[in-house]
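Right, one structure below, let's go through it.
Protein chains: 2
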Amino acid sequence: MRSPEELSALFRAQGRKITAQRQCIFRVLQGDESHPTAESIHAAAKAHMETISLKTVYQTLHELAAMGEIAALDLGTGMTRFDPNTEGVHHHLVCRGCGKVRDLHADFSTVTVPTGAEEGFDVGDAEVVFRGRCRDCRRARATAPRRAKATARA
Amino acid sequence: MRSPEELSALFRAQGRKITAQRQCIFRVLQGDESHPTAESIHAAAKAHMETISLKTVYQTLHELAAMGEIAALDLGTGMTRFDPNTEGVHHHLVCRGCGKVRDLHADFSTVTVPTGAEEGFDVGDAEVVFRGRCRDCRRARATAPRRAKATARA
DNA sequence: TTGTCAAAGAACAATCGTTGGTGATAGCCT
DNA sequence: AGGCTATCACCAACGATTGTTCTTTGACAA
Numbered sequence: 009m010r011s012p013e014e015l016s017a018l019f020r021a022q023g024r025k026i027t028a029q030r031q032c033i034f035r036v037l038q039g040d041e042s043h044p045t046a047e048s049i050h051a052a053a054k055a056h057m058e059t060i061s062l063k064t065v066y067q068t069l070h071e072l073a074a075m076g077e078i079a080a081l082d083l084g085t086g087m088t089r090f091d092p093n094t095e096g097v098h099h100h101l102v103c104r105g106c107g108k109v110r111d112l113h114a115d116f117s118t119v120t121v122p123t124g125a126e127e128g129f130d131v132g133d134a135e136v137v138f139r140g141r142c143r144d145c146r147r148a149r150a151t152a153p154r155r156a157k158a159t160a161r162a
Numbered sequence: 009m010r011s012p013e014e015l016s017a018l019f020r021a022q023g024r025k026i027t028a029q030r031q032c033i034f035r036v037l038q039g040d041e042s043h044p045t046a047e048s049i050h051a052a053a054k055a056h057m058e059t060i061s062l063k064t065v066y067q068t069l070h071e072l073a074a075m076g077e078i079a080a081l082d083l084g085t086g087m088t089r090f091d092p093n094t095e096g097v098h099h100h101l102v103c104r105g106c107g108k109v110r111d112l113h114a115d116f117s118t119v120t121v122p123t124g125a126e127e128g129f130d131v132g133d134a135e136v137v138f139r140g141r142c143r144d145c146r147r148a149r150a151t152a153p154r155r156a157k158a159t160a161r162a
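These protein sequences, in sequence, are chains A and B.
First residue of the first sequence: 9, per my numbering; consecutive thereafter.
First residue of the second sequence: 9, per my numbering; consecutive thereafter.
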């Protein structure tokens, strides 16, 4: 992700206003590797600006996503997660226990749809999601997951 | 998926009651390759039994999923989809336009997390989701998607 | 600076898919 | 048949996200 200053310049160039709330969100996002949810971003932003609303956070995140500055990921945990790291294709490790997400930098370009199996689809990207259990959740099986949906994936 | 008769026997063996509604759902599910949503299953069931409730459909689907007779998939389209085909590992082609899902029978067992990149994860399965555009959606770009979320995926 | 105006914020409530209560009904066993 | 309970249909709630409305504020020109 670009620096808050660069993002401000980009917003300005697109005719968007630079508000304190937006700059606050830029700063919160900067360097965050934890694939935060909208809620956790909101919580972090509130630490700097008590009055910022969840709606504003959602709005700004969607704008950033539409500009390609961050990625919005739906990894089946029930909440959209946001990924400031958009440099280079990368895949994800998702913890079945706590929903934690880790980037996985690996080349899966060999993963393609077998010829003849396209079913008429114009296939774009392949995304690979590995599901497992993170160190913490393996250690503490007793800890209940916070809000995990019991749906399987793919 | 097993036949409605086999499912009835299984339910009975587990002490669950065999109701007309459940048999109706079994029949609707039988041979369905379209990865239906709970809503569409409900609609199909209503064609045979006008009074069946959405709640009952959800309940029965979750029971079937818990028994491993069907799979519940969250593919990022905003609605859980159900897959009666649980025989063998398979992956999915998801249409960005209409949310349609097609099974993809291919062996991606070579897709593994590079050694050293596990980040402490105890890695389970890899799931591969290919995103693209189905034949219908390529042809009719004007047709608006019914209820697709604009979130990217992984 | 100050004025102007549309963009963006806050607060509220709605939406969607899904699930938890609730009496009433129906299945299964003895 | 009788009785125990699972299951049913109906209603209303839930969490995540978005629409609405009214107010505030940034950006640019005067």
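C-beta: ideal position from N, C-alpha, C; glycine also.
Go through the stretch 107–140 of chain B residue by residue and report every complete run of the beta strand (DSSP E) that reaches 3 residues or more, in order. 109–112
is_contact[Pro122 of chain A, chain B] using C-beta, thresh 8 angstroms: yes
Which one of B:Val119, B:His70 and B:Leu112 has the shortest CA to CA distance from His100 of chain A? B:Val119
Interface flag, Arg10 of chain B vs chain A, CB-CB below 8 angstroms: no
As a quick exercise: from B:Tyr66, B:Glu58 and B:Ala55, pick the residue whose alpha carbon is nearest that of Ala46 of chain B. B:Tyr66
Under 8 angstroms between the Cβ atoms of Ile33 of chain A and Thr68 of chain A? Result yes, Cβ atoms of Ile33 of chain A and Thr68 of chain A sit closer than 8 angstroms.
Taking the C-alpha atoms as reference points, what is the distance between Cys142 of chain A and Leu81 of chain A? 19 angstroms
Considering only the beta carbon of each residue, do His43 of chain A and Val136 of chain A sit closer than 8 angstroms? no
What is the rounded straight-line gap between the Cα of Phe90 of chain A and the Cα of Glu58 of chain A? 22 angstroms
Does Pro122 of chain A pass the burial test, meaning 16 or more other C-beta atoms within 10 Å, or should it be called exposed? exposed
CB of Gly140 of chain B within 8 angstroms of CB of Val131 of chain A, strictly: Val131 of chain A sits close to Gly140 of chain B, with the two beta carbons spaced by under 8 angstroms.
Beta-carbon of Phe34 of chain A versus every beta-carbon of chain B: anything under 8 angstroms? no
Enclosing beta strand (DSSP E) for Leu18 of chain B [first to last residue]: From DSSP, Leu18 of chain B is part of no beta strand (DSSP E) but of the alpha helix (DSSP H) over Pro12 to Ala21.
For Arg143 of chain A, does the three-state DSSP call read helix, strand or coil? helix
Please identify, using Cβ separations under 8 angstroms, the residues of the stretch 84–106 of chain B that lie next to chain A, in order along the chain. Gly84, Thr88, His99, His100, Leu101, Cys103 and Arg104
Check whether Phe19 of chain B and Arg10 of chain B have beta carbons under 8 angstroms apart: no
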